[in-house]
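Chains as they are written, first to last, in the numbering used here: chain A, 324 to 418; chain B, 48 to 507. Report on the structure given below.
Following this line, the structure appears as structure tokens:
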């Protein structure tokens, strides 16, 4: 839930998470935009159970998502990386 | 930016890892001397205590509390320093020393890069102690520190209705911040009885008196939460989280259940210790878990050219971190020959005093917030302990019955082999294996300290 009182953000844009369009504001991390959209699963464990972000400071690696840029897909910590217009993010299995 | 080839001069005189209060204070006490690189994982300096909103946000009344005033002034002064290159959005994967220079391997937006400096200050801060409880891997369960960081920086409450549980009084402040930011708070629950919290505080009256303002602010938060109708619970050690696919309730024992869509766990903090350990610096077990890096009276660590400050040397809060950072900066100036012993001692005096005073309070807070050993209040046997590799308590107990070496348990179960490098599970496993323990018997800190794509490393 974004705090709105006393906070002004730039123009929102969309990026893709597992094919769904998610709205983000400039400067927001992938994690913040996902949580604001109530997308709480960032990866799946070995048994296929959804896992959420835990530490929000780059320590726990629970928020590792696949961020695709052209042919390259990187597993990045969603809590550290700002969302960008047109970005393609995939949650899902770890490897 | 790399020049780690032998003979080439290092890129910087000093590399500072971490742009929190300790790193800032070190740069400030160097008075514009030296070429300094400051590296931080966040896009902007401030550390977790002053985790700044993105530049694209405009936030009225950001962190206006009196406790933040001095810290904010120091942050503004730091941001104005012209001899500092701030390298945000970068993780330090590892560091090594050769030929009188330290080389840091970084990963950031432009891939993997190296930075070299004649001296390095590790001021990496701390992180939430991960205490496994049943259901804690459900999406929506977060650390209290992470929850607070969302509110401070991203101006986001990570849920509509939050339940707080743990042993650390900080959860009262975070709960109040969540409430002020427009969230609902389902409950704030402490594992300790109220009498234990009070008793631990009043048995350290000197610290309680000198830092009465801080204690009063925790009590003030408790009072305002109570007035807002938030249930406060004490003496509830049997915590668990329920939900299908995400958290739906926090349970306190058999009888009490609080519906929520997010839960924040607050059991205290541990020093970030991967880099000191990987660099071969001597460390000592910390309370309530993890490792604090050893240092002399000038914050010099056990290897030449390496300094430590702030939570790296043991968690004791922003004021002590600022003082230690300033001392480390003076030590660098002294070791560089910029100032003499007399000037260093004279300028260090107020910082030593400030550090001493802050230590009293941190000892009090540590005692009040102590969750006790993990081995003394084990969760259900099928509770995940190692989140990265899905290793449950029963797996660890079975492995420990066969071998008592933590390293062998790691190999047998994969506990600690995941992307977090054991940051979330090492302390739990060590507690199960039985104290006392030393760093030698624990996990081996390995490169890279943070996840990185192999292709990016190879492309360097």
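Beta carbons: idealized from backbone N, C-alpha and C, even for Gly. Here the structure is a predicted model, which is why all the values come from computation and not from measurement.
Between residue i and the rest of its own chain, which residues show a CB-CB distance below 7 angstroms, the 5 nearest in sequence each way excluded?
| i | result |
| --- | --- |
| residue 141/B | 152, 325, 494, 495, 496 |
| residue 372/B | 68, 69, 70, 71, 72, 73, 170, 356, 357 |
| residue 507/B | 159 |
| residue 415/B | 216, 244, 247, 248 |
| residue 403/A | 352, 381 |
| residue 279/B | 235, 269, 272, 273 |
| residue 475/B | 179, 421, 432 |
| residue 185/B | 288, 290, 293, 294 |
| residue 405/B | 363, 364, 366, 367, 370 |
| residue 338/A | 345, 347, 406, 407, 408, 409, 410, 412 |
| residue 96/B | 67, 68, 118, 365 |
Excluding the five sequence neighbours on either side, which residues of its own chain have a C-beta within less than 8 angstroms of the C-beta of residue i, listed in chain order?
| i | result |
| --- | --- |
| residue 387/B | 381 |
| residue 456/B | 443, 446, 447, 450, 462, 476, 480 |
| residue 364/A | 373, 374, 375, 414 |
Taking Cβ-Cβ distances shorter than 9 angstroms, what residues in chain B pair up with residue i?
| i | result |
| --- | --- |
| residue 324/A | 203, 204, 205, 206, 207, 228, 229, 230 |
| residue 374/A | 184, 185, 186, 434 |
| residue 357/A | Here the premise fails: no neighbours, minimum Cβ distance about 10 angstroms. |
| residue 350/A | 90, 100, 101, 102, 103, 104, 201 |
Pick from the options: whose alpha carbon is nearest that of residue i?
| i | options | result |
| --- | --- | --- |
| residue 247/B | 83/B, 444/B, 417/B | 417/B |
| residue 379/B | 66/B, 81/B, 55/B | 81/B |
| residue 172/B | 192/B, 165/B, 162/B, 292/B | 192/B |
| residue 386/A | 334/A, 335/A, 400/A | 400/A |
| residue 359/B | 368/B, 210/B, 97/B | 368/B |
| residue 163/B | 113/B, 63/B, 392/B | 63/B |
| residue 114/B | 230/B, 194/B, 126/B, 264/B | 264/B |
| residue 268/B | 239/B, 285/B, 232/B, 289/B | 232/B |
| residue 77/B | 395/B, 448/B, 498/B, 473/B | 395/B |
| residue 397/B | 374/B, 174/B, 190/B, 226/B | 374/B |
| residue 362/B | 117/B, 342/B, 335/B, 353/B | 335/B |
| residue 484/B | 502/B, 451/B, 503/B, 460/B | 451/B |
| residue 370/B | 118/B, 88/B, 106/B, 99/B | 118/B |
| residue 286/B | 296/B, 277/B, 300/B, 275/B | 300/B |
| residue 500/B | 98/B, 138/B, 238/B, 104/B | 138/B |
| residue 59/B | 149/B, 66/B, 65/B | 149/B |
| residue 327/B | 486/B, 297/B, 333/B | 486/B |
| residue 368/A | 315/B, 340/B, 437/B | 437/B |
| residue 283/B | 296/B, 276/B, 275/B, 241/B | 241/B |
| residue 332/A | 202/B, 195/B, 156/B, 146/B | 202/B |
| residue 85/B | 133/B, 401/B, 111/B, 102/B | 133/B |
| residue 385/B | 56/B, 410/B, 55/B, 79/B | 79/B |
With which residues is residue i paired in a DSSP beta bridge?
| i | result |
| --- | --- |
| residue 405/A | 352/A |
| residue 413/A | 389/A |
| residue 450/B | According to DSSP, residue 450/B bridges with nothing at all. |
| residue 27/B | Because chain B here runs from 48 to 507, residue 27/B falls outside it and cannot be looked at. |
| residue 236/B | 212/B, 280/B |
| residue 374/A | 366/A |
| residue 332/B | 338/B |
| residue 439/B | 431/B |
| residue 318/B | 173/B |
| residue 64/B | 86/B, 169/B |
| residue 346/A | 337/A |
| residue 204/B | Beta-bridge pairing links residue 204/B to no other residue. |
| residue 197/B | Answer is none; residue 197/B lacks a bridge partner. |
| residue 400/A | 387/A |
Using a Cβ cut-off of 7 angstroms, pull out every chain B residue sitting near residue i, in sequence order please.
| i | result |
| --- | --- |
| residue 410/A | Those within 7 angstroms of residue 410/A in chain B number zero; the least Cβ separation is about 13 angstroms. |
| residue 414/A | In chain order: nothing, as chain B lies at least about 10 angstroms away. |
List, in chain order, every chain A residue whose beta-carbon is nearer than 7 angstroms to that of residue i.
| i | result |
| --- | --- |
| residue 471/B | 383 |
| residue 106/B | 329, 330 |
| residue 88/B | 381, 403 |
| residue 196/B | 379, 380 |
Can you list, in chain order, the residues of its chain with a C-beta nearer than 6 angstroms to that of residue i? Leave out the 5 residues immediately preceding and following it.
| i | result |
| --- | --- |
| residue 377/B | 76, 391, 394, 395 |
| residue 379/A | 402 |
| residue 49/B | Because residue 49/B carries a pLDDT of 45, less than 50, the predicted location of this residue cannot be relied on, and the following value inherits that uncertainty. Excluding positions up to five away in sequence, the list reads 161. |
| residue 392/A | none |
| residue 354/A | 376, 386, 401, 402 |
| residue 199/B | 98 |
| residue 281/B | 237, 240, 241 |
Run the proximity test for residue i: is its beta-carbon closer than 8 angstroms to any non-hydrogen atom belonging to the ligand SAM?
| i | result |
| --- | --- |
| residue 495/B | Among the components of this structure there are no ligands whatsoever, and the ligand SAM is therefore not found. |
Listing by chain order, which chain A residues have their CB less than 8 angstroms from the CB of residue i?
| i | result |
| --- | --- |
| residue 193/B | 376, 377, 378, 379, 380, 402 |
| residue 264/B | Within chain A, no residue comes near residue 264/B; the closest Cβ sits about 21 angstroms away, beyond 8 angstroms. |
| residue 189/B | 375, 376, 377, 378, 379 |
In chain A, which residues lie less than 9 angstroms from residue i when you measure between Cβ atoms?
| i | result |
| --- | --- |
| residue 335/B | Residues of chain A passing the Cβ test: none, with the nearest at roughly 16 angstroms. |
Could you list which residues in chain B have their beta carbon closer than 8 angstroms to that of residue i, in chain order?
| i | result |
| --- | --- |
| residue 335/A | Chain B residues near residue 335/A: none, gap ~11 angstroms exceeds 8 angstroms. |
| residue 370/A | 437 |
Runs of alpha helix (DSSP H) lying entirely within the region 340 to 427 of chain B, each at least 4 residues, in chain order
365 to 382, 388 to 416
Residue ranges of each beta strand (DSSP E) run of no fewer than 3 residues wholly in the region 142 to 194 of chain B, ordered along the chain?
148 to 155, 158 to 169, 173 to 175, 188 to 190
Secondary structure, alpha helix (DSSP H): runs of 4+ residues fully inside the region 75 to 150 of chain B
116 to 126
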